[in-house]
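Peer 1: So that we are looking at the same thing, I have put the structure below in structure tokens.
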Amino acid sequence: MESLLRVIKNAERKGVAVGHFNVSNLEMLKAVSSVGRKLKLPIVIGVSEGERDYLGVNQVRDLIDSYNSEHFESGYRLYLNADHTYSLEKIKEAARAGFDAVIFDGAGLPFEENIRRTKEAVRAAKKINKEILVEGELGYIGRSSKLLDKLPKGAAIKTKDLPTAEQAFRFVKETQVDMLAPAVGNIHGMFAKARNPKLDIERIKEIKNAVKIPLVLHGGSGVSDKDFRAAIKAGISLIHVSTELRVAWRTGLEKSFRKNKNEIAPYKIMPGVLKEIEKVVERRMVIFRGR
Ligand code: G3H
Ligand code: ZN
Numbered sequence: 028m029e030s031l032l033r034v035i036k037n038a039e040r041k042g043v044a045v046g047h048f049n050v051s052n053l054e055m056l057k058a059v060s061s062v063g064r065k066l067k068l069p070i071v072i073g074v075s076e077g078e079r080d081y082l083g084v085n086q087v088r089d090l091i092d093s094y095n096s097e098h099f100e101s102g103y104r105l106y107l108n109a110d111h112t113y114s115l116e117k118i119k120e121a122a123r124a125g126f127d128a129v130i131f132d133g134a135g136l137p138f139e140e141n142i143r144r145t146k147e148a149v150r151a152a153k154k155i156n157k158e159i160l161v162e163g164e165l166g167y168i169g170r171s172s173k174l175l176d177k178l179p180k181g182a183a184i185k186t187k188d189l190p191t192a193e194q195a196f197r198f199v200k201e202t203q204v205d206m207l208a209p210a211v212g213n214i215h216g217m218f219a220k221a222r223n224p225k226l227d228i229e230r231i232k233e234i235k236n237a238v239k240i241p242l243v244l245h246g247g248s249g250v251s252d253k254d255f256r257a258a259i260k261a262g263i264s265l266i267h268v269s270t271e272l273r274v275a276w277r278t279g280l281e282k283s284f285r286k287n288k289n290e291i292a293p294y295k296i297m298p299g300v301l302k303e304i305e306k307v308v309e310r311r312m313v314i315f316r317g318r
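Here the numbering used here runs 27 ahead of the position in the sequence shown, where the first position is 1.
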């Protein structure tokens with residue numbers, strides 16, 4: 028089985044990106060998996076601290092293993108990432124549970140402290156599993172995958188507030204992270220009635236030239252197709268999307284309830300929800316795979 032690092036490096040070589048989608052329940056996981064099978068592509072499943080507390084750290088690992096062992100479509104495979112993790116304990120818990128990747132999120136910390144804590148996280152995770160990928164976060168972009176009516180407080184959006192190529196170089200060198208997610212004009216969450224800010228494509232290029240590891244783009248919801256394509260071309264190899272799936276889940280559920288007024292069997296109500304989520308995932312994956 029190909030390692031996640033190989034999958035990401037292959038994407039990098041081909042000038043495409045791997046999709047990372049957050050899930051909170053079985054319906055979301057089913058929907059993402061079915062798009063991966065349809066398109067015959069690898070996909071990373073992300074679970075934040077809250078999402079994995081709800082799903083169960085070991086249970087979500089078992090579910091992914093079960094999908095992977097049952098479906099042999101060429102090219103398809105699910106990988107598991109412990110998304111935005113804020114403590115060493117939670118990093119260790121995910122590493123012990125056999126996650127393919129973990130993110131230590133020190134983006135809200137002062138630069139030097141972020142380096143120190145991320146470095147500790149890399150050591151702790153690799154001590155448990157030397158193959159696990161550890162991602163570091165540089166530059167604060169907000170924390171919630173929700174519908175927004177204003178920018179997340181304190182988020183770095185303007186070019187002058189974004190991490191520089193020099194900072195990224197030092198961060199990677201000192202922490203030894205495998206992947207880096209810099210703030211490049213992206214934010215967590217999506218404006219309900221407006222477009223998200225534009226990505227700083229130049230800054231992505233500068234950072235990519237300075238660090239030789241894969242770059243990750245968070246906050247994919249609400250980003251335009253044009254920005255995605257330019258970001259991938261500039262050096263992004265893994266893209267996170269969450270809010271759009273949450274919106275699709277809720278819209279799908281509401282539609283399904285309206286359509287099936289007296290239905291009480293979940294397996295008859297949920298297919299409508301899966302369809303809504305699948306549409307979002309497929310639309311994004313088609314852009315990420317570059318064809
Ligand atoms: O880690 C999760 C993502 O960065 C999702 O961000 O909810 O804005 O799509 P989003
Ligand atoms: Zn994120």
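By construction, the Cβ of each residue, glycine as well, lies at the ideal position given by its N, Cα and C atoms. Computed from a predicted structure; not experimentally measured.
Suppose the cutoff is 7 Å on Cβ atoms and the five residues either side in sequence are ignored; what does the same chain contact list for E271 look like?
Peer 2: M217, S248, V307
Peer 1: State whether the stretch 97-105 contacts the stretch 139-154, with contact taken as three or more CB pairs (one from each stretch) at a distance under 8 Å.
Peer 2: Contact fails between the stretch 97-105 and the stretch 139-154, because fewer than three Cβ pairs, one in each stretch, are under 8 Å apart.
Peer 1: Let's test the definition: count the other Cβ atoms within 10 Å of the Cβ of T186 and tell me whether it reaches 16, buried, or not, exposed.
Peer 2: exposed
Peer 1: Please state whether the Cβ-Cβ distance between S172 and H111 is less than 7 Å.
Peer 2: No; because the gap between Cβ atoms is not below 7 Å, this pair is not in contact.
Peer 1: Can you have a look at F284 and say buried or exposed, based on whether 16 or more other CB atoms are within 10 angstroms of its CB?
Peer 2: Under this definition F284 is an exposed residue.
Peer 1: Exposed or buried, what is D92 when buried is set at 16 or more other beta-carbons lying within 10 Å of its beta-carbon?
Peer 2: It is exposed - the Cβ of D92 has fewer than 16 other Cβ atoms within 10 Å.
Peer 1: Taking the Cβ atom as the reference point for each residue, do I130 and E162 lie within a distance shorter than 7 Å?
Peer 2: Taking 7 Å as the cut-off, the beta carbon of I130 is found closer than this to the beta carbon of E162.
Peer 1: Please determine whether the Cβ atom of T270 lies at a distance below 6 Å from any heavy atom of ligand 1.
Peer 2: yes
Peer 1: Hey, could you find the ends of the alpha helix (DSSP H) N95 is sitting in?
Peer 2: 84-97
Peer 1: Leaving aside the five residues before and after V238 along the sequence, list all residues of the same chain whose C-beta is less than 7 Å from its C-beta, in chain order.
Peer 2: Annotation for V238: A195, F196, V199, L207 place their beta carbon closer than 7 Å to its own, counting only its chain and skipping 5 residues before and after.
Peer 1: Quick one: grab the DSSP three-state call for S30.
Peer 2: coil
Peer 1: Would S60 be called buried (16 or more neighbouring beta carbons within 10 Å of its own) or exposed?
Peer 2: buried
Peer 1: Looking at ligand 3, does it come within less than 6 Å of H245, judged from the CB to the closest heavy atom?
Peer 2: You won't find ligand 3 in this model; what it holds is ligand 1 and ligand 2.
Peer 1: Is it right to say K295 is buried, meaning 16 or more other beta carbons lie within 10 angstroms of its own, or is it exposed?
Peer 2: With fewer than 16 other Cβ atoms within 10 Å, it is exposed.
Peer 1: What's the C-alpha gap between G42 and K260?
Peer 2: 6 Å
Peer 1: L280 to V62, Cα distance in whole Å?
Peer 2: 19 Å
Peer 1: So is G181 buried or exposed if we call it buried at 16+ other beta carbons inside 10 Å?
Peer 2: Around the CB of G181, fewer than 16 other CB atoms lie within 10 Å, so the residue is classed as exposed.
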